[in-house]
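Peer 1: Please find one structure pasted underneath; my questions will follow.
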Ligand code: PLP
């Protein structure tokens, strides 16, 4: 390759991806990789869908771009109508953008604009949680309670407040900023709002099931109803970040569907276009939309690529495929199967602390000691070794660090496309178990090959 690419990868000489189909990516040397993480939990409908390429090309050939402040377009209007049927938001209005971070920034500004339109200009405080990820632009990063990503940029951060993660496995562990009871967590949010002054709080933002930061952590069952009640009581908007959990990833259309909740604002990206086009959106409830756009309200915002027609055309085709092929139900069933396969192979492994998730969003937490949940020291780079070991076996996983205390804590996230076959699920579970066995030996055992992750 040219050597002029400012690479994102930490792999010294990354393979060149040239082709993909189903759950498989092929590199220039002809090597096949099972994409067990769908990239970064993105490729819900699978790779190589010619019908999506055709929808994209068709739209580009007719109308690639028209500025969103001057025009609306048929794909944007049609997509907003069609996706409304599956969104857990009352009478939603859709604001399309280019990805998850942009969508989060849009949601934050929209919450502020809503309160301004109601004459509540004092409402500026936004509360999020530790152990969360909402994006890498500065506003979204500031919202994120993911310390390894925040650390270099701390001098620029600090606008938002954070409450505890809903993380039963590490509830009460020193450094984890986590609680395990929905009631306690809701009481903490209530206290935080009271301390800030209820009429100064604009919004609470959280992932329904935590993605990359903690690896598929499902909150306690009473959590979301209690949190929604606290928000409603204080006039605080509830913003659900469904960038990773959306579009069937957790076995329901959206994560909030597991608890029958309807947030005021929902944020989506990733699976909305399954990686075929950079796309995301904010869905505002009718109340938020009507208030903000009524005379006296205004939403000062927008990007060059907001409301762009090609993204909407692609999203529309992805939505059609998810529906026509019943892929949300497939995610639920295959997710259970994947968790079962991983439990069969790993439940008794001394370095496996927890296996969790919903649908095809499955997490494994690795620990040096199962009894005490003591994490491996970060310097051992255990999750990186496991991911490298699985890659050597032709299976791509997604690593996470810092779950235990912001530095230590190794997690693996799995999220294959919903078209993954049973044979592929078995191969994914086998490769994961083998990589864990080699790379995550308990701290007392000698592990000379840990650095390479190779047997
Ligand atoms: N929110 C969540 C829950 C995410 O998982 C991500 C990305 O991983 C984002 C927001 C940011 O999305 P993007 O990377 O498209 O900006």
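Residue numbers (the working numbering): 26 to 480. The C-beta atom is built at its ideal place from N, Cα and C for all residues, glycine as well.
1) Opposite residue 399 in the DSSP bridges: which residues?
2) Using 8 Å as the threshold, is the region 325–337 in touch with the region 252–259, meaning 3 or more CB pairs across them?
3) Starting from the C-beta of residue 279, find all residues in its chain whose C-beta is less than 6 Å away, skip the five residues before and the five after it, and write them out in chain order.
4) According to DSSP, which residues form a beta bridge with residue 46?
5) What distance in whole Å lies between the Cβ atoms of residue 46 and residue 73, which are believed to be in contact at a cut-off of 8 Å?
6) Check whether the region 223–236 touches the region 193–202, counting contact only when three or more Cβ pairs, one atom from each stretch, lie closer than 8 Å.
7) Using the C-alpha atoms, what's the distance from residue 377 back to residue 153?
8) Kindly examine the ligand PLP and report whether one of its heavy atoms sits closer than 7 Å to the Cβ of residue 266.
9) Specify, as a first and last residue, the run of the beta strand (DSSP E) that residue 424 falls within.
10) When you compare the region 35–53 with the region 65–85, are there three or more beta-carbon pairs, one atom per stretch, that lie closer than 8 Å?
11) Looking at the ligand PLP, does it come within less than 7 Å of residue 161, judged from the CB to the closest heavy atom?
12) Return the residue from the list 241, 417, 164 and 147 that minimises the CA-CA distance to residue 221.
13) Check whether the Cβ of residue 234 sits closer than 7 Å to any heavy atom of the ligand PLP, and report yes or no.
14) Could you tell me the alpha carbon to alpha carbon distance between residue 453 and residue 385, rounded to whole angstroms?
15) According to DSSP, is residue 174 helix, strand or coil?
16) In the DSSP assignment, the alpha helix (DSSP H) including residue 294 goes from what residue to what residue?
17) For residue 305, which beta-bridge partners are listed by DSSP?
18) Would the beta-carbon of residue 464 fall within 8 Å of that of residue 407?
19) Starting from the Cα of residue 57, find the closest Cα among 415, 443, 432 and 461 and give me that residue.
20) Between residue 158 and the ligand PLP, is the CB less than 7 Å from at least one heavy atom?
21) Can we count residue 9 as close to the ligand PLP, meaning its CB is less than 7 Å from some heavy atom?
22) Flag this pair as touching only if the region 422–435 and the region 392–412 have three or more C-beta atom pairs under 8 Å; answer yes or no.
23) Near residue 42, which residues of its chain fall below 7 Å by C-beta distance, leaving aside the five closest residues on each side in sequence?
24) Go through its chain and collect everything with a Cβ distance to residue 450's Cβ below 8 Å, but skip five positions before and after it.
25) Would you report the Cα separation of residue 166 and residue 84, rounded to the nearest angstrom?
26) Verify whether the separation of the beta carbon atoms of residue 305 and residue 122 is less than 8 Å.
Peer 2: The structure says:
1) Residue pairing by DSSP puts residue 399 in a beta bridge opposite 394.
2) In short, these stretches do not touch, since the Cβ pair count stays below three.
3) Only residues of its own chain outside the window of five on either side were considered, and among them 113, 267 and 271 have a CB closer than 6 Å to the CB of residue 279, listed in chain order.
4) In DSSP, residue 46 forms a bridge with 49.
5) About 4 Å separates the two Cβ atoms, so the contact holds.
6) Contact fails: fewer than three Cβ-Cβ distances are below 8 Å.
7) Looking at the two C-alpha atoms, the distance is approximately 29 Å.
8) Residue side-chain check: residue 266 places its Cβ nearer than 7 Å to a non-hydrogen atom of the ligand PLP.
9) Start and end: 423–426.
10) Output reads yes: the region 65–85 touches the region 35–53.
11) Within 7 Å of the C-beta of residue 161 there is at least one heavy atom belonging to the ligand PLP.
12) The shortest C-alpha separation from residue 221 is found at 147.
13) Distances from the CB of residue 234 to the heavy atoms of the ligand PLP are all 7 Å or more.
14) Between the C-alpha atoms of residue 453 and residue 385 there is a straight-line separation of about 12 Å.
15) Residue 174: helix per DSSP, three-state reduction.
16) From DSSP, residue 294 is part of no alpha helix (DSSP H); its letter is neither H nor E.
17) Residue 305 is bridged to 122.
18) Taking 8 Å as the Cβ cut-off, residue 464 and residue 407 qualify as a contacting pair.
19) Closest by alpha carbon: 415.
20) Within the cutoff, so yes.
21) The requested residue 9 does not occur in the structure, where the chain is confined to residues 26 to 480.
22) Yes, since at least three Cβ pairs between the region 422–435 and the region 392–412 fall closer than 8 Å, the two stretches touch.
23) Residues 50 and 52 of the same chain have their beta carbon placed closer than 7 Å to that of residue 42, with the five preceding and five following residues left out of the count.
24) Only 359, 362, 363, 366 and 441 meet the Cβ criterion.
25) Straight-line measurement puts the Cα of residue 84 at about 33 Å from the Cα of residue 166.
26) The answer is yes: Cβ separation under 8 Å.
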